[in-house]
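According to the working numbering, the stretch in the sequence shown is residues 1 to 197, in order.
Structure first, then comments.
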Amino acid sequence: MGSMNDLVIPSDAFSHGQIRSKIWLSENFAVWSKKHLSPAKSFELHWYGSWVGIGPLLMLSRNELKFHKLNLFDLNPENLATSLKVLDFWRCESVEITTQTIDVNEHRPQPGPHQIFVNSACEHMAGSSWLKNIPEGAFVLLQSTDMKHHEHINCAENAVDFINKYSPWLTVLESSQIDFNYPDKRFSRFMLFGTKK
Ligand SMILES: C[S@@+](CC[C@H](N)C(=O)[O-])C[C@H]1O[C@@H](n2cnc3c(N)ncnc32)[C@H](O)[C@@H]1O
C-alpha cells in the first residue's frame, strides 16, 4: 500500500526514450548556454508541460549556469505536486520553485531579465499562443517529436517542419535531432534553442 509520502510517477517517465531525450536536452543546453548565456548572471527558468519534474531535475543537475527561480507549468496539478518532491534537492539548494496549474496557451509571462523558457512537450500543445506570449529577448528551448501517439496533437513531421512551425517567433541559434530505433518503434526528437522575436 502507498502512503501520502509515496511518489506517483507513470513508468513511461523513466522509459529509455524519455530519459535519453532529457539527458540529450541537458547535454546540449550545457554547451549552448556556455556559448550564448553569461555565467555571471542568475537565471529564471520557466518549464512548460513540466510533467513530473524529471526534465528540470536533469537539466539543473548537468548545468553550471546559476538559476535562482524555477516556475513549473502543467495542466495536471498532481504532476506539479509530484514535481515539487522530485525537485526538492534544488529547493534546498536555494532555487525558489513555483507551480501553476494552467493551459500554457492562456499564460501571459511578464517581461524580465535573464529568463529561459523550456517546452519539451511541444507535440502535446495545440497552436503556438504559448510561444507568441513569451517576452521578446527571452531564451527559448523547444523539443518535439514525429512519434505518432493519441496524446500527440501537434507533432513535427521532421526537423525542417519543426523549424518552420516555430521560427516565425524565434531567432534560432542552435538545433539538433536524435533518432530512436527500438525493435517495436522508430521516431526522432527535434530540439531548437533561440531567442524570442
Ligand atoms: C507526457 S508529458 C511530457 C512528454 C515530453 N516528452 C516531456 O517529457 O517533456 C506532457 C505534459 O504536458 C502537459 N500538458 C499538455 N498540454 C498542456 C498545456 N496546454 N498546458 C500545460 N501543460 C500541458 C501534460 O499535463 C503532461 O504533464
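Cβ coordinates follow ideal geometry from the N, Cα and C atoms, glycine included.
Would DSSP call residue i helix, strand or coil?
i: Asp74; result: strand
i: Met230; result: Nothing in the structure corresponds to residue 230, since the chain is present only between 1 and 197.
i: Arg91; result: helix
i: Ile9; result: coil
i: Leu203; result: Residue 203 lies beyond the stretch modelled for the chain, which goes from 1 to 197, so this question has no answer here.
i: Leu80; result: helix
i: Lys22; result: helix
i: Ser38; result: coil
i: Val31; result: helix
i: Ile97; result: strand
Could you tell me how far apart the beta carbons of residue i and residue j are, in whole angstroms, since I believe they sit closer than 8 Å?
i: Gln143; j: Ser21; result: 7 Å
i: Leu70; j: Trp90; result: 7 Å
i: Asn63; j: Ser11; result: Between Ser11 and Asn63 the Cβ distance is about 26 Å, and since that is not below 8 Å, they are no contact.
i: Ala138; j: Thr195; result: 7 Å
i: Val172; j: Ile178; result: Wrong, their Cβ atoms sit about 17 Å apart, outside the cutoff.
i: Glu151; j: Lys197; result: The pair is not a contact, with the Cβ atoms about 29 Å apart (cut-off 8 Å).
Between the options, which lies nearest to residue i when the distance is taken from Cα to Cα?
i: Asn181; options: Pro135, Asn5, Asp146 and Ala156; result: Asp146
i: Ile153; options: Ala159, Asn133, Met125 and Lys185; result: Met125
i: Asn28; options: Lys197, Ser176 and Trp169; result: Ser176
i: Pro168; options: Lys41, Ser128 and Glu174; result: Ser128
i: Val86; options: Met59, His36, Ala30 and Asn133; result: Met59
i: Arg189; options: Ile9, Ile23 and Asp6; result: Ile23
i: Ala121; options: Leu192, Leu37 and Pro111; result: Leu192
i: Trp130; options: Gly112, Arg108 and Lys148; result: Arg108
i: Ala156; options: Lys132, Ile9, Leu57 and Glu123; result: Glu123
i: Ile19; options: Phe187, Ala159, Ser61 and Ile54; result: Ile54
i: Ser216; options: Glu174, Leu37, Ile9 and Phe14; result: Any question about residue 216 goes unanswered here, given that the chain covers just 1 to 197.
What does DSSP give as the partner residue(s) for residue i in the beta ladder?
i: Asn181; result: Arg186
i: Glu106; result: DSSP lists no partner for Glu106.
i: His46; result: Asn71 and Phe117
i: Glu151; result: Glu151 pairs with nothing; no bridge assigned.
i: Met191; result: Gln143 and Ser176
Taking 8 Å as the threshold, find out whether the region 73-84 comes into contact with the region 96-103 through three or more Cβ pairs.
-> Touching, per the Cβ criterion.
Is there contact between the region 36-45 and the region 115-132, where contact requires at least three CB pairs shorter than 8 Å?
-> yes
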